[in-house]
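Working notes, beginning with the structure itself.
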Amino acid sequence: MTALINQKDLDFLLYQVFSAEQLTQLERYQEHDKATFDSILDTARGIAADYFAPHNAKGDAQEPHFDGTQVHTIAEVKQAWQQFAQAGLLCAQHDYDQGGMQLPTLINMAANAYFMSANPATVAYSFLTAAAANLIQAFGTEQQKQTFVPSMFNGRFSGTMAMTEPNVGSSLGDLTTKAIPQADGSYKIKGQKMFISGGDQDITENIVHLVLARIQDAPQGVKGISLFIVPKFLTNEDGTLGERNDVKLAGLLHKMGYRGTTSTVLNFGENNQCLGYLIGEAGQGLKYMFKMMNEARVGVGLGAAMIGYRGYLESLEYARNRPQGRLANEKNSDSKPVNIIEHSDVKRMLLAQKAYVEGALALCLFAARLIDEHQAGGSEDSAILLDLITPVVKSFPSAYGPKANDLAIQVLGGAGYTRDYPVEQYYRDNRLNPIHEGTFGIQSLDLLGRKLWQHNGKGLNLLMQRINTTLEQIQHPTILDLSSKFCKHLATVQSTTQKLGQALMQGQTSEALANSALYLDMMAKVIISWLWLDMANKAQQQFGQSELVEDQQFLAGKLQAARYFIRWELPEIEHQAKLLSEFDDTCLSMHSDWF
151 MTALINQKDL
161 DFLLYQVFSA
171 EQLTQLERYQ
181 EHDKATFDSI
191 LDTARGIAAD
201 YFAPHNAKGD
211 AQEPHFDGTQ
221 VHTIAEVKQA
231 WQQFAQAGLL
241 CAQHDYDQGG
251 MQLPTLINMA
261 ANAYFMSANP
271 ATVAYSFLTA
281 AAANLIQAFG
291 TEQQKQTFVP
301 SMFNGRFSGT
311 MAMTEPNVGS
321 SLGDLTTKAI
331 PQADGSYKIK
341 GQKMFISGGD
351 QDITENIVHL
361 VLARIQDAPQ
371 GVKGISLFIV
381 PKFLTNEDGT
391 LGERNDVKLA
401 GLLHKMGYRG
411 TTSTVLNFGE
421 NNQCLGYLIG
431 EAGQGLKYMF
441 KMMNEARVGV
451 GLGAAMIGYR
461 GYLESLEYAR
471 NRPQGRLANE
481 KNSDSKPVNI
491 IEHSDVKRML
501 LAQKAYVEGA
511 LALCLFAARL
521 IDEHQAGGSE
531 DSAILLDLIT
541 PVVKSFPSAY
551 GPKANDLAIQ
561 VLGGAGYTRD
571 YPVEQYYRDN
581 RLNPIHEGTF
591 GIQSLDLLGR
601 KLWQHNGKGL
611 NLLMQRINTT
621 LEQIQHPTIL
631 DLSSKFCKHL
641 ATVQSTTQKL
651 GQALMQGQTS
661 EALANSALYL
671 DMMAKVIISW
681 LWLDMANKAQ
691 QQFGQSELVE
701 DQQFLAGKLQ
711 AARYFIRWEL
721 PEIEHQAKLL
731 SEFDDTCLSM
741 HSDWF
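In structure tokens, the structure reads:
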């Protein structure tokens, strides 16, 4: 079976690029060391390989079905869930006294990368549950925590986020689900939600839905939205189950990919008996939900990176073993065909995949490092920087992961288009990621319209400080050549950002934001190029430290991928910057009647 991750790559990122061992100097992580980190990663790799990867294709072919009474998933999904929960991975980041491991986010995300590579659809239940439990732990009452969180951490209960409605997609301020106060402090919930991942299944005893709703007589818009715990089964204070709540499955949605995760339409309060429990203060629901949404956005980025990564590894293995054709300078028709990895255009497709997916994984791990710096290290600057780049962390892997999967299919040619090989499933699975948790366009408006200017632009200044630190460390002529190219394009981004900021200050909102998707892609390419520059510099520094040929080949591959991204991909921002700086209105001025 193809490896889930190149182990050298993950070790390089964790211990050379992001200095995971330094985290053990923080009080929260001081009982850990590299040995404990590696042990946890080994456990995750083993469970992912043994219990998740083997049924990835089966879960796609035999998607969950609803018999009118109950949802049925294949047996392997529940087995995988139990293994994940029993290993303590649902609460790995939480305190020891809560049954957790106090694991750094950086290591936890690296562990999660194995599962996302092995079977993103099955592990989605686990990730949603962990995120929902984290939200209740952060904002719930003590009683809510005691009632729900332990059973979510040990795998008895799962969790979901229920936001989207049939007529209200990303515009959550228009939602119509109602919450009617009751004398005992609970609320009766009434409404319909759709696209609820994990909204019903047969793998856990209970499902804890986190539901956005508007309390009766609350104002319209986002300020009127509150957040509620709505369990599938009413739950006693000791975690035991009561009667069935009035939450009904209206139906399962049948998806292009990611089929192993149920996608549901749920009716709350068909019989006016759906009980929910307010989390925190009324009217603060969207603020609370953003904790789960931001966690999910980073998770979506990781998933997109790893599905792309798995496709890259599959196409790399195929290319190394598939003989076909001869090199352009070979004139002898009797000569042996070469493996297709020797053809320049196949190298191009593999190199692009490598640059996209390894860069995307580095981006996600960088975000994880920032979370640790903030939550365990107390750095507010790291929190500000994380907030700035979250749209990029979600969007770059989601845009370029599927591009990598598309190239993987192309490397396999006709074989890649058949179900005999897994790369077609990877593409279908990954195509969801540009859509959910905020589309590329929505993330771009968030970045250019809001995130850049928060804290008087401090986030961008902090990013520039990190970039400048990398640039100051570069001494080798090979890397200096790449850094000079990078700096030229970085200057373009800085001048473009300044021009767009001035336009926004002058009230030219529509013009400045019309091409925000270009800006997000431009910013993403700069951040990924910086990460590649840092990886290339560290790879160059490691040359000569090992005489093993495979180590030197690995490091040479890092250098070449950095060259590819900075020489081939980064220059595209010059055209994007021109369109942005000139406030090109080709799209904005198009009339609906002209289509």
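Residue numbers (this note's numbering): 151 to 745.
Don't be surprised by glycine CBs; every beta carbon is placed ideally from N, CA and C.
Can you look up residue i in the DSSP assignment and give me helix, strand or coil?
i	result
Y571	coil
L562	helix
P381	strand
I353	coil
S731	helix
V318	strand
N479	coil
S529	coil
N386	coil
N489	strand
S545	helix
D245	coil
C637	helix
T642	helix
E697	coil
F516	helix
M251	coil
S679	helix
S127	The chain is shown from 151 up to 745; residue 127 falls before or after that span and cannot be answered.
G657	coil
N780	Residue 780 falls outside the range modelled here, since the chain spans only 151 to 745, and no answer is possible.
A194	helix
E587	coil
T326	coil
P369	coil
N665	coil
L240	helix
I624	coil
D210	helix
R769	Past the boundaries of the shown model lies residue 769; the chain is included only from 151 to 745, so the question cannot be answered.
Give me whichever residues DSSP pairs with residue i in a beta bridge.
i	result
Q342	N417
R472	DSSP lists no partner for R472.
P331	Y337
A363	S376
A312	V361
F216	V221
S144	Residue 144 cannot be examined here, being either before or after the span of the chain that is shown, 151 to 745.
Report all residues from its chain with a CB closer than 7 Å to the CB of residue i; omit the five preceding and five following residues, and keep chain order.
i	result
K688	Q166, V167
F704	K158
N444	T540
E492	L477
V372	L322, G323, L436
Got a sec? Which residues, its chain only, sit under 6 Å from residue i by beta carbon, not counting five neighbours each side?
i	result
L748	Residue 748 falls outside the range modelled here, since the chain spans only 151 to 745, and no answer is possible.
N555	G458, G461, Y576, Y577, N580
A664	L738
G349	T310, T414, L416
A674	V542, F546
G401	V415
I490	A469, R472, Q474, V496
P809	It is not possible to answer for residue 809, since the shown part of the chain is limited to 151 through 745.
When the cut-off is 9 Å and only beta carbons count, does residue i lie next to chain B?
i	result
I365	Included in the structure is just one protein chain, with no chain B present.
For residue i, which residues from the same chain have a beta carbon less than 8 Å from its beta carbon, with the 5 sequence-adjacent residues on both sides left out?
i	result
S755	Given that the chain is displayed from residue 151 to residue 745, the structure contains no residue 755 and the question cannot be resolved.
P204	E226
Q702	F693, S696
G392	F383, L384, T385, N386
Is residue i near the ligand GDP, with its Cβ less than 8 Å from a heavy atom?
i	result
Y337	Here there are no bound small molecules, and the ligand GDP is not part of this structure.
Considering only residues of the stretch 261-310, which uninterrupted alpha helix (DSSP H) runs meet the minimum length of 4 residues and lie entirely inside it, listed in chain order? 270-289, 292-303
Spell out a yes or no on whether the stretch 619-636 and the stretch 683-701 are touching, meaning 3 or more CB-CB pairs, one atom from each, closer than 8 Å. yes
Whether or not the stretch 531-541 and the stretch 180-189 are in contact is what I'm after, with contact meaning three or more pairs of Cβ atoms, one per stretch, closer than 8 Å; do they touch? no
Suppose only complete runs of 4+ residues qualify. What are the alpha helix (DSSP H) ranges in the stretch 153-190, listed by chain order? 157-161
Is the stretch 662-678 in contact with the stretch 537-549, if contact means three or more CB pairs nearer than 8 Å? yes
Starting from the N-terminal side, write out each stretch of the beta strand (DSSP E) that is 3 residues or longer and does not extend beyond the stretch 388-460. 391-394, 397-402, 413-418, 425-428
For the 8 Å Cβ check, are there 3 or more pairs between the stretch 263-274 and the stretch 289-298? no
Quick check: the stretch 561-576 against the stretch 455-473, are there 3 or more CB pairs under 8 Å? yes
I want to know whether the stretch 328-339 touches the stretch 370-390 - three or more CB-CB distances under 8 Å. yes
Report yes or no: do three or more beta-carbon pairs, one from the stretch 636-647 and one from the stretch 715-732, lie closer than 8 Å? yes
Between the stretch 254-265 and the stretch 383-396, can you find at least three pairs of beta-carbon atoms closer than 8 Å? no
Could you check whether the stretch 195-203 touches the stretch 232-247, counting it as contact only if at least three pairs of C-beta atoms, one from each stretch, sit closer than 8 Å? yes
Examine the Cβ distances between the stretch 297-312 and the stretch 263-272 and report whether three or more of them are shorter than 8 Å. no
When the Cβ atoms of the stretch 355-368 are set against those of the stretch 424-442, are three or more pairs found closer than 8 Å? yes
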